[in-house]
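Novice: Input: one structure, supplied below.
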Amino acid sequence: MYKELAFNHDDELIDELRDLGYNIDDDSLSDRGFRDLDFADYSSDQSDVVLDVPFIPSDEKIVNAMLDLAEIHSKDVLYDLGCGDGRIVVAAALERNTHGVGIDIDPMRIAEAFEYASYSGVEYLVNFIEGDLLEADFSQATVVTLYLLDLVNIQLRPRMLDELRPGTRIVSHAFNMGDWKADQRQSCGSVNLYKWIVPAKIAGTWEWQTTSNETYRVELKQKYQQLTGLAWINGKPAELTSALLRGSLLELIVKKDTSSPAISFLMRCEATQLVAAEGNQQATPAVKIISN
Ligand SMILES: C[S@@+](CC[C@H](N)C(=O)[O-])C[C@H]1O[C@@H](n2cnc3c(N)ncnc32)[C@H](O)[C@@H]1O
């Protein structure tokens, strides 16, 4: 389907970065400002366009693997930050009927993306915006795709956590997100793809009643999607054996003591409450009694 488009070997960006001494296997940040680096790429010859990442397009196999990993469907709104010639947004529109927006700072890429969308007959599903991805509004996305660099992903990270709705999926071609560990990693040939699910913010102390009239309390600490914490039942210390967060869905498993059966609560974060999801013994929504 991309026969009209120019392709590059998929590992090219990584090879270029390795040549420049950037170690992608090292999660620590490179001190070198990418804007200072100078190497050949496919980017605009307009000297006034400053790119944080050169234009190296994802190949078709990777594009499809990214869409599969994102589990993208027709109700999604896809944003590709640094969209290049628009191939990810166009592929999602063509194959999954997905609305999409591509953002690129290079006007030449945006012109190509519009042309490609029109050639593919999906212009009614997509839009392309010329702008800086570090400043653009992507809050309406339900899926975000990235083929940038660790350093740029990390710059985007606080905005993605604050501005995207819980449950939004982020898929990155080749590059990681610092200490925000991916929920899923998948290899596609020699390339790693990473997926994160934006977690709801639920740190704090929560309390709720069960159908057997017991009062449960948990104190949760949160680092991205990772939770740790303590539990009490009717004011007495209990065991929080598991606390898992996926988007806005929270599963807590609590035991009165080591010899008691484990009781599982499945809750959905809604505004300021944790509301019972199907099939558990929660009688009231959990309310936050102390914020962390
Ligand atoms: C590696 S290419 C990825 C293209 C496309 N997402 C894909 O996977 O085929 C990175 C793209 O980011 C764009 N870019 C670099 N810095 C940018 C910035 N600050 N704001 C918006 N786009 C940027 C480049 O013009 C380039 O098209």
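Residue numbers (my numbering): 74 to 365. Cβ coordinates follow ideal geometry from the N, Cα and C atoms, glycine included.
Let me know if Asn-286 comes out buried or exposed under the rule of 16 or more other beta-carbons within 10 Å of its beta-carbon.
Specialist: Numbered from 1 along the sequence shown, position 213 holds the residue referred to as residue 286. Exposed, by the Cβ-count rule.
Novice: Does DSSP put Ser-263 in a helix, in a strand, or in coil?
Specialist: Taking the first residue of the sequence shown as 1, we reach residue 263 at position 190. Three-state DSSP puts Ser-263 in coil, outside helix and strand.
Novice: Is the beta carbon of Tyr-152 within less than 7 Å of some heavy atom of ligand 1?
Specialist: As a working mapping, residue 152 is identified with position 79 in the sequence shown. Answer for Tyr-152: no, Cβ out of range of ligand 1.
Novice: Closest to Asp-141 by CA distance: which of Val-126, Ile-129, Gly-155, Thr-171 is it?
Specialist: On the sequence shown, residue 141 is found 68 positions in, with the first residue counted as 1. Nearest option by C-alpha distance: Thr-171.
Novice: Determine the DSSP secondary structure at Phe-338, reduced to helix, strand or coil.
Specialist: For the purposes of this step, residue 338 is identified with residue 265 of the sequence shown, where counting begins at 1. Phe-338: strand per DSSP, three-state reduction.
Novice: Do you know how far the Cα of Val-216 is from the Cα of Thr-357?
Specialist: For this step, residue 357 is matched to residue 284 along the sequence shown. For this step, residue 216 is matched to residue 143 along the sequence shown. For Thr-357 and Val-216, the distance between alpha carbons rounds to 32 Å.
Novice: Do Lys-309 and Thr-301 have their C-beta atoms within less than 8 Å of each other?
Specialist: Start at 1 with the first residue of the sequence shown, and residue 309 comes out as number 236. Start at 1 with the first residue of the sequence shown, and residue 301 comes out as number 228. Cβ atoms of Lys-309 and Thr-301: not closer than 8 Å.
Novice: Alpha carbon to alpha carbon, what distance is there between Ile-362 and Thr-345?
Specialist: Against the sequence shown, residue 345 aligns to sequence position 272. Against the sequence shown, residue 362 aligns to sequence position 289. For the pair Thr-345 and Ile-362, the Cα-to-Cα distance works out to about 11 Å.
Novice: Mind reading off the beta-carbon distance from Ala-186 to Gly-204? Whole number of angstroms is fine, and I expect it under 8 Å.
Specialist: Here the question's residue 186 lines up with position 113 in the sequence shown. Here the question's residue 204 lines up with position 131 in the sequence shown. Between Ala-186 and Gly-204, the beta carbon gap of about 13 Å keeps them out of contact (Cβ cut-off 8 Å).
Novice: Is the separation between the beta-carbon of Gly-173 and that of Leu-154 shorter than 8 Å?
Specialist: Here residue 173 is taken as the residue at index 100 of the sequence shown, counted from 1. Here residue 154 is taken as the residue at index 81 of the sequence shown, counted from 1. No. Outside cutoff.
Novice: Which one of Leu-303, Glu-208, Ile-202 has the shortest CA to CA distance from Glu-312?
Specialist: In the sequence shown, the residue the question calls residue 312 occupies position 239. Checking every option, the nearest Cα to that of Glu-312 belongs to Leu-303.
Novice: Does the Cβ of Leu-317 have 16 or more other Cβ atoms within 10 Å, making it buried, or fewer, making it exposed?
Specialist: Working through the sequence shown from its first residue, we reach residue 317 at position 244. Exposed: under 16 other Cβ atoms inside 10 Å.
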